[in-house]
Every structure is written in C-alpha cells, then in structure tokens.
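So for the sequence shown, our numbering puts the first residue at 11; every next one is plus one.
From the three backbone atoms N, C-alpha and C, an ideal C-beta is built for every residue, glycine too.
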Amino acid sequence: MGDYSKALVFYEKAHKIYEKALPANHPSLAMSYTNLGSVYYDIGDCTAALKALQNAFLILRKALKEDTIDAVAAYIWFGRIYQSMKDYSRALEYFEKCLAILQKVLQERHPLIAIAYTSIGDVHRLMGDYEKALSVHRKALDIQETAQSNALKCAATFTNLGETYREMKDYSTALTYFQKALQIRENKLPKNHPHFAVIYHNLAKLYLTTEEYSMAMEYIQQAIDIGQKSLSSTHPHLLNYKETFEEIRMKL
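Written as structure tokens, this is what we have:
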C-alpha cells in the first residue's frame, strides 16, 4: 500500500504543476489525469478514478477516433471501473466496444481479443448469465492456448471459469480450474503478488460452500495477509476478503 500512497502524492503534485503550466486541452494534462485515475483505481477509489479518467478522455476525445484502437485503452478503463462499481450494464457496453474495435483492426485470433472476451465473460458471470459467461470465456481460452499467449492471461481465464462453475455449483470443475490458475501463478509470480490473494479468496469461497471450513480459513487468511500488504484498507478486494473471513469464522 505504501507504494500506492507515494505514487498518489507524486502524481497529485505533478498534476498541480501541469494545471498551472499547461493549457486545459494539452495531451500531457490528459496523461496526468490518466496516471491519477490508475492510482485511484488501485487504491479502490472508483469514484475518483472515474472522474480523473473522464477528464483525460474529454481532452483526448478530439484527437481520438472513437472506433480505432487508440480508443481501446480508455474504454477498457471505463469498463473496469464500472464493473468495480457494480454498474454491469455500462461495463459490458464499454468492453463490447473494445471487442468490436479489436475485431476490426486485429487478426481474428489476436491475444488482445482474448482479453476483451475475458472481460465480457466476467461481467456476464456477475450478471448471473452463466452460460453466456462460459461461452465467452471458452472463446478467450481457445485463442490464448493456440496463440501462445502469456501464461498469466490463461491463468486469469482459468480463474474466471472456475468462479463461474463455482457459482453454478459445479464445485469439482471449479476446483480444477482454480488449481490450474494457481499452478501457473506459482510458476510465474512472487509469493506475495496480489493475484495470489484473488485465487486464494476464490478457493476460500469454494471450500466455504462445500463446508470444508478449515481449508477455507487457511486460504482466506493467506488472501488477507497478501491484501493487507498490497492494497489500501478500503480497497473493495480487501473488504471482500474480510467479509468472507467473517463468514468462515462464524462456521467454525
């Protein structure tokens, strides 16, 4: 968390300088808003992140053509923020804009298209449309496995597939996908990376549902330990971990 706090202080100071020194529509000011927005998102302040990124987009809008790849990064950010804010219909709208653009300008099986599918699939899961979520995630995985994508991208898709099957109450299939994701991350990431907290939390929820409370507690404690080192105390992920911890504690 200390790194995010330092980054936020640095970017806020830099932004004040840019505001005084640059015209209101200068691209460097847009980049400053983007930097602020990304840090706000990382510390879980989605409202501030959305405001900063909207300001950046307003500056860049004249230079960006809305249906070109230059607009994709902005749409992805908006999708992620609206997803975190649980405004799933708007998140889906932005992720589908990304997919439409990428399908126009990239080869059919480009890894970036798989990332767009993964984002869309996760929103469908959150909306309770599990069959659609599975269908889209499988499209992502098909591209990732044949296009030799970064293994960590496959791990993210495995995680999303696992969470979808968990919510569908197919616990054995969910566990298989979580274990695949965990194995990749163990091979590619340092032990305290925040991505481990996500998969540990998923496993804790799975074992909570299957009434294996000792296993659930083991994983949720690991998730919280990593989250407390890498996230702000108000970050939605950390709050979710603590909520799950309380659910498990009540069962023991």
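With three or more C-beta pairs closer than 8 Å as the rule, is the stretch 185-193 touching the stretch 224-231? No, they do not touch.
With DSSP as the reference, label Gln158 as helix, strand or coil. Here DSSP, grouped into helix, strand and coil, assigns Gln158 to coil.
Which same chain residues, not among the five before or five after Ala150, have their C-beta less than 7 Å away from its C-beta? So the qualifying residues of the chain are Ala124, Tyr127, Thr128, Gly131, Thr167.
Can you list, in chain order, the residues of its chain with a C-beta nearer than 6 Å to that of Arg119? Leave out the 5 residues immediately preceding and following it. Leaving aside the five residues that flank Arg119 on each side, the residues in its chain whose CB is nearer than 6 Å to its CB run, in chain order, Ile153, Ala157.
Cys108 and Tyr85: beta carbons closer than 8 Å? Yes, these two residues count as a Cβ contact at 8 Å.
Proximity of Lys215 and Thr169 at Cβ, strictly below 8 Å: Going by C-beta atoms, Lys215 is not nearer than 8 Å to Thr169.
Hey, could you find the ends of the alpha helix (DSSP H) Ile86 is sitting in? Ile86 -> alpha helix (DSSP H) spans 82-94.
Can you tell me which of the three DSSP states Lys201 falls into? Three-state result, Lys201: coil.
Which term fits Gln232, buried or exposed, when burial requires 16 or more other beta carbons within 10 angstroms of its beta carbon? Counting the other CB atoms within 10 Å of its CB gives Gln232 a total of 16 or more, which places it among the buried residues.
Taking all protein chains shown into account, do 16 or more other C-beta atoms lie within 10 angstroms of the C-beta of Thr7, making it buried, or fewer, making it exposed? Any property of residue 7 remains undetermined from this structure, which presents the chain solely from 11 to 262.
Excluding five sequence neighbours on each side, which residues of the same chain lie with their C-beta closer than 8 Å to the C-beta of Ala34? Counting only Cβ-Cβ distances below 8 Å, and skipping sequence neighbours, we find Ile69.
Buried versus exposed, by CB contacts within 10 Å (16 or more), Lys163: Label assigned to Lys163: buried.
Of the residues Met95, Thr78, Val133, which one's Cα is nearest the Cα of Phe105? Of the candidates Met95, Thr78, Val133, the residue whose Cα lies closest to the Cα of Phe105 is Val133.
Would you mind sorting Asp55 into buried or exposed? The rule is 16 or more other CB atoms within 10 Å of its CB. Asp55 is buried by the Cβ-count criterion.
For the candidate residues Leu249, Leu144, Lys201, Gln64, whose alpha-carbon lies nearest to that of Ala184? Of Leu249, Leu144, Lys201, Gln64, the residue nearest in Cα terms is Leu144.
Rounded separation between Asp80 and Leu122 - CA only: Those two C-alpha atoms are separated by around 13 Å.
Chain-order list of residues whose beta-carbon lies under 6 Å from that of Leu60 (same chain, five-residue window excluded): Cβ-Cβ distances below 6 Å link Leu60 to Ile91 in the same chain, with the five nearest sequence neighbours on each side left out; the list follows chain order.
CA-CA distance, Ser99 and Met137? If I take the Cα positions, the gap works out to 9 Å.
Beta-carbon contacts of Asp52 that lie in its chain and below 6 Å, excluding the five residues immediately before and after: If we look at Asp52 and ignore the five residues flanking it on each side, its Cβ neighbours are Tyr14.
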